[in-house]
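Step one of this worksheet: look at the structure below.
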Amino acid sequence: MVGKRALHKDFWMEVRKSRARFISIFCIVALGVAFFSGIQASSPDMRLSGDAYYNESKLMDLKVVGTMGLTDDDIQALKELPETDTVEGAYSTDVICGETDSQKVLHVESLNKEVNHLSITEGRLPQKSGECFLDSAFASGQKYSIGDKVVIRQPGDSELLKEETYTVVGIGKSPLYISFNRGNTTVGSGEVNGFMYVVADDFDSDVYTQIYVRAHEVDKVTSYTDGYDNLADKLEDKVKGIEAERCQARYDSVVGEAQEKIEDAEKELADGKKEADEELADAKKKLDDGEQELTDGEKEYEDGKQQLADARQELEDGKKQLADAKQKIADGRSQIASARQQVADGQAQIATAQKKLDEGWNQYNDGKKKYNAGKKKLDAAKKELEDGKKQIAAGKAELEQKQQELNAGIAQIQEGQQAVETQLAQLQEQIPQLEAGIGQLQAAVEGLEAAQNAVAQLEVAVQEKQSAVEAAQAARDEAAQKVENGELTEEELAGYEQALAQAQAELEAVNGALAQAQESLNACQQAAAQKTELEANLSAANAGVETLQAKKTELAQTLENLSANQTAIDEGKAKLNEEEAKLGPAEKEIAANEKTLKDSKKKLDASLKKLQDGQAEIDANKAKMNSALAEIEANEQKLNSGEAEIAANEQKLVDGEREIQENEQKLKDAEKELEDARKELADGKKEYEDGKKEAEDKIKDGQEKIDDAKKELTDLKYPEWILTDRNGLPEYSDYGDNADRIKNIGEVFPVIFFLVAALISLTTMTRMVEEQRTQIGTMKALGYSKISIASKYLNYAFLATAGGSVAGILIGEKIIPFVIIKSYGIMYHNVENTLQIHYELKYALLASVAALICTVGATIFSCVHALAETPASLMRPPTPKEGKRILLERIPILWKHLNFTWKSSLRNLFRYKKRLFMTIFGIAGSMALMLVGFGIRDSVSDIVHLQYTNLQHYDATIISDDDATDTEREALIESLDKNESLDHYTKIRLSKLTAPNGKSNLSVYVFVPENLENFKKDVTLRNRVTKEEYELPEDGAAVCEKTASLLGLKIGDELTLEKDDKEYHVKISVITENYAGHYVYMTPQIYKETFGEEPVYEDIVFSVKEEYKDQVEKVGQKIMDSPAVLSISYTESTIEMVDRMLSTLGVVILVLIVSAGMLAFVVLYNLNNINITERQRELATLKVLGFFDIEVSQYVLRENIILTIAGILFGSGFGILLHRFIIVTVEVDAVMFGRNIAPLSFLYCAVITCIFSAVVNIFMHKKLKKIDMVESLKSVE
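Take 54 as the starting number for the sequence shown in our numbering and just add one per residue.
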């Protein structure tokens, strides 16, 4: 019991005494378990968080759209299916909001009560007509707030909405749009910019546009899992089962209603024809009466016209006389104008002179500025000269100071050499003395075993004699009792007493011999201890001699270096003397410049006087011009008086002309009345003819509409249902893909991370057992069982590992998923409020058990290995490894140039090979993990640039309407030809087909360009590795690298494509670089050979000119006006979507990098701590020999620096391989990540590792300073 208490006490003392080691194992296990279980748990937590939001908002599982609309009967039929839980109809349409450049497309939908519950950010839901609930992202971007009005415009003939102005009463989010993408449309720019919800009464429609269905018991399965997919597939199959019946019912209903409308139209047409004939007869009679009245009015108009011509002749004669008077006035005006011109010329000459004078002033000012600048420069040169003199004086003083310091240093080195010589002589004297003392003690040590045997034998003899005395005493006592009883005589009793006395004498003799033997044994043991101590002192003395010899060499080298410094001082003095000699010419140059400045000042003063004289002359000429101008003004006044008299006569003519004009006006009015009458008559005739034609046209149009309706009814296509599950929602499947990416990362990256952490923990426990072999031997000698001894180390490993595992699970499975899901919340904003973070027991147990197996298993192995030895061998230090020459020693040209400390460091590195390899492996592993983190970032960020800048160059894709006519398609091409914003366009055949891939199929796009020259501008085909560019092959297809990799194909193989349930084969001639999607590029000829038909170019890709690159959507809006265009897909929108999707990986990658960095720090700290602990006596010896703390630190940490550099180099290579493996693993089928790591990433990882190494070295330096020399140099025993 006492032994167990001692073991428990020793265990807890060991934990306290080795806190650094215990905490190190705890931290590294916690870090490994946290990272492993946290990354593994992130993917299921992402799915659970998304599923919680979908369940909370009652997101639909299936959307049913009918080509002829949907009715309440359809809803009832769907409700009767046992697989459905909730069925609700809805109305929707796409509208235009805003004007010109700022117009946006809104998807308007009716509110649902049972499904697709909205999340309200502000306000409330609409309750009456004219109110709307607006997309929060759209409202923020377009600056809408509660109470604002939203004005919409319904495109084309679409009039589904009753209102065009809505009041915003609520703002928020919809579960149908979990991210930023709002989908595509057939109106506006081709992209939906936001959504809006209104009450159902705002829609003017007898049928629903869609029906939303939720599956039965959908809440019991998790989205993005096989369970949910099976449930959704089952629901879709059941809905397809009733599709034919419901479509037939809808078809019968539509045909019946149309037939009734046609019959009503035919009756209305017959009634209209009869009414038109009666109205045309009345109009004909009115036209004949009006024609007779017009003939009488024309005769009266001709008589008035002759009288007015006579009055006009008299007026013209008066005007001629007035014109002569005006001519005289004009001549006077001409003379005045000539005079004014002369004055203006004089003023212009004055202005020219003034301008030249101003130029002179400017030259003067420039000269003055140059003078001032020269003066300032001269002053600066003077100051620089003075500064130069001061610097030379200071330099001489500094050299004198260095000379004194050099002399002092030489003296100090010489004193050090004397001290080393003295210590060396003392040690060389001690060595023979120590060897002699060891020889003297050898004989005593050799008798130790004989003395131990003698003591053992005497101890046995003492026990035997003691037993004999006790037996004799018992016999004597028994005899004495018998004497009292009368059974024996006194003589017989005396015999027993004599035997007792003899036995006691023999016992005393043996005790005396034992005491003498014990004294001999003690003397031998003391001699052995003295011999061991003398041997240790002898070893230290020999090491000291070697160290002093090295120190002696080092001092001699230092003295030689100081002598070299004397040469440098002498050179400095000579250089200063040269600089001082250069100052003389500089002084002369300054004096010359000063004289030049004085001459410039004189020239400036002379120029000033000339400028002032010129200004005075110009002012006098200006006064003359002003006098001439006054005379001109007086003559002009006289002409004004003559003009006034002419004006009075002219007024009389005006009055006469007014009278004539009034008469003319009356005549014109009469003429106008006649003209109106003629026009009215003509209009009446035209109206009659038009009315007649209109009536005939209306009757004809009505008949044509009836005929068209009958034909349309005959050609009416059978309706169908279009079923869309959640994967059809914008970004829904991308969220699941991102969860899969996290899962893929979690399958590889944490395993490597955990492996490094586990190996370091294993090494730590192994070193701990080896370090305490003496204590294990002592406990074994004291009689403790092997299990009791091993339990201390097993409990130590278990406690540290289990504690670290628990801490890692508690922290890792909460923090890491939280950070990752929150980072994805930037893009998938709707799941932020439904975070589901659970502890995943299977990952926690897997990580914990693996950690325990590594550390506890290593401890068991080490304990078994140690306990197999005898206590005596355990209590002795392990035999030092045999010294061997390292490779560098065999290269004399390198080895001879290394000093003592460098040689020792290199020998130690290769002496402790286990530490060498574990340190390199630990640093390389951490470096590789960090490099993988940076590499994933590089690979992900490269996708968009490589795909949409280097490989695909077009700006948008036009998706044509399948129902468009040939005329509409030709009009589209004609408009593209005339569009000045376009650089070029290419008609293409873009078909989505499938390629068999084992049990699953791969969706691929077959891309066939009509114009091969334009194709070169649109798409670049090239080899990813060599960057060799290819032409579109004429003997086969160009297939994307990712596609070929997934299908296991190479150049020359045949690619199988499925179209309309038939298989087609095409040869692979080129494998091209591609990162997004699966493309197969073919020439038209290859397409025809493969599929047996000419390609139909239904779609178009186009590129805009450089100046319109920021207006691509505006260009697309104009193209969307064509009825042949169904929608437009913009490359920029795709880039933004991919950027948003991939940007969320940034935080995930940051977690990887930070975790790897933390692992690097813990690995370096742990291994360095073990290194110092194992070599504590060696380092203490160096301190005893006179090494300073900084020298001891350099001695040890130099090894760390070398190992860190080696780890970085090996880690770079391992990181490249690991990065390529992980990139291939985490990719989803539709995307290929970049394969290269940026050079800067290598630099970042190396710098981070070096920083951690430097920090660890600082910690280790402090620990080295605390080494107790006396305590560390005590005997191991």
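Even for Gly, the Cβ is constructed at its ideal location relative to N, Cα and C. For clarity, every value in this text was computed on a predicted model and none was experimentally measured.
Cα-Cα separation, residue i to residue j
{"i": "Ser-786", "j": "Tyr-230", "result": "12 Å"}
{"i": "Met-855", "j": "Leu-984", "result": "According to the sequence shown, residue 855 is Ala rather than Met. Whole-angstrom Cα-Cα distance: 30 Å."}
{"i": "Leu-999", "j": "Asn-1289", "result": "12 Å"}
{"i": "Asp-147", "j": "Thr-1010", "result": "21 Å"}
{"i": "Glu-1330", "j": "Val-1309", "result": "Only weak support exists for where Glu-1330 lies, its pLDDT of 45 falling under 50; the coordinates are left without a value."}
{"i": "Gln-551", "j": "Gln-571", "result": "30 Å"}
{"i": "Lys-422", "j": "Glu-437", "result": "22 Å"}
{"i": "Ile-1311", "j": "Leu-1205", "result": "26 Å"}
{"i": "Ile-873", "j": "Tyr-881", "result": "12 Å"}
{"i": "Gly-1145", "j": "Ala-1090", "result": "15 Å"}
{"i": "Met-928", "j": "Gln-454", "result": "60 Å"}
{"i": "Lys-1167", "j": "Gln-207", "result": "19 Å"}
{"i": "Ser-1294", "j": "Ile-1188", "result": "24 Å"}
{"i": "Asp-1242", "j": "Leu-1217", "result": "21 Å"}
{"i": "Lys-1343", "j": "Asn-165", "result": "No answer is possible for residue 1343: it lies beyond the span of the chain, which begins at 54 and ends at 1330."}
{"i": "Pro-783", "j": "Asn-246", "result": "12 Å"}
{"i": "Gln-619", "j": "Lys-605", "result": "22 Å"}
{"i": "Glu-1142", "j": "Val-1133", "result": "15 Å"}
Three-state secondary structure (DSSP) of residue i
{"i": "Ala-1017", "result": "coil"}
{"i": "Gln-263", "result": "strand"}
{"i": "Met-54", "result": "Annotation note: pLDDT 43 at Met-54 (below 50); position unreliable, no value reported."}
{"i": "Leu-888", "result": "coil"}
{"i": "Ala-545", "result": "Strictly speaking, residue 545 in this sequence is Glu, with Ala absent from that position. Helix at Glu-545."}
{"i": "Asn-1345", "result": "Coverage of the chain is limited to positions 54 through 1330, which leaves residue 1345 absent and any answer about it impossible."}
{"i": "Val-86", "result": "helix"}
{"i": "Val-1078", "result": "coil"}
{"i": "Leu-60", "result": "helix"}
{"i": "Asn-246", "result": "coil"}
{"i": "Glu-1114", "result": "Looking at the sequence shown, residue 1114 is not Glu but Asp. Here Asp-1114 sits in coil by DSSP."}
{"i": "Phe-256", "result": "strand"}
Cβ separation of residue i and residue j, assumed to be a contact under 8 Å, to the nearest whole Å
{"i": "Tyr-1083", "j": "Thr-1125", "result": "7 Å"}
{"i": "Ile-205", "j": "Ile-149", "result": "7 Å"}
{"i": "Val-168", "j": "Met-113", "result": "5 Å"}
{"i": "Leu-1055", "j": "Leu-1099", "result": "6 Å"}
{"i": "Val-1154", "j": "Tyr-1001", "result": "Not a contact, Cβ separation roughly 13 Å."}
{"i": "Ala-533", "j": "Glu-545", "result": "So it is not a contact: roughly 10 Å between Cβ atoms."}
{"i": "Thr-137", "j": "Arg-303", "result": "That pair is no contact at about 19 Å."}
{"i": "Asn-961", "j": "Glu-1227", "result": "In fact, because the Cβ distance is near 11 Å, the residues do not count as touching under 8 Å."}
{"i": "Asp-257", "j": "Glu-212", "result": "7 Å"}
Member of the options whose CA lies at the smallest distance from the CA of residue i
{"i": "Ala-404", "options": "Ala-464, Ile-463, Glu-244, Ile-671", "result": "Ile-671"}
{"i": "Gly-119", "options": "Ala-921, Ile-295, Leu-1296", "result": "Ile-295"}
{"i": "Tyr-549", "options": "Val-522, Gly-280, Gln-571", "result": "Val-522"}
{"i": "Gln-180", "options": "Gln-195, Ser-163, Ser-193", "result": "Ser-163"}
{"i": "Ile-989", "options": "Asp-666, Arg-794, Thr-1302", "result": "Arg-794"}
{"i": "Glu-184", "options": "Gln-195, Val-221, Pro-772, Gln-207", "result": "Val-221"}
{"i": "Glu-1033", "options": "Gln-1164, Val-997, Ala-1129, Asp-1106", "result": "Gln-1164"}
{"i": "Met-121", "options": "Ser-95, Val-308, Ala-461", "result": "Val-308"}
beta-carbon residue i near the ligand COA non-hydrogen atom, thresh 7 Å
{"i": "Glu-184", "result": "As far as ligands go, the structure on display features none, and thus does not contain the ligand COA."}
Cβ of residue i within 8 Å of any chain D Cβ
{"i": "Cys-1093", "result": "This model lacks chain D altogether, as it is built from one protein chain only."}
message = If contact is defined by three or more beta carbon pairs under 8 Å, each pair taking one atom from either stretch, is the region 87-103 in contact with the region 855-871?
response = yes
key: Contact the region 892-903 vs the region 127-142: 3+ CB pairs below 8 Å   = no
ask   = Should the region 815-823 be called in touch with the region 900-920, which here means at least 3 C-beta pairs below 8 Å?
value = yes
The region 975-984 contacting the region 1268-1275, beta-carbon criterion three pairs below 8 Å = yes
query = Does the region 1065-1077 come within contact of the region 1031-1049, defined as at least 3 CB pairs closer than 8 Å?
reply = yes
inquiry  = Using a Cβ distance threshold of 8 Å, determine whether the region 1045-1052 contacts the region 1014-1033, with at least three qualifying pairs required.
reply    = no
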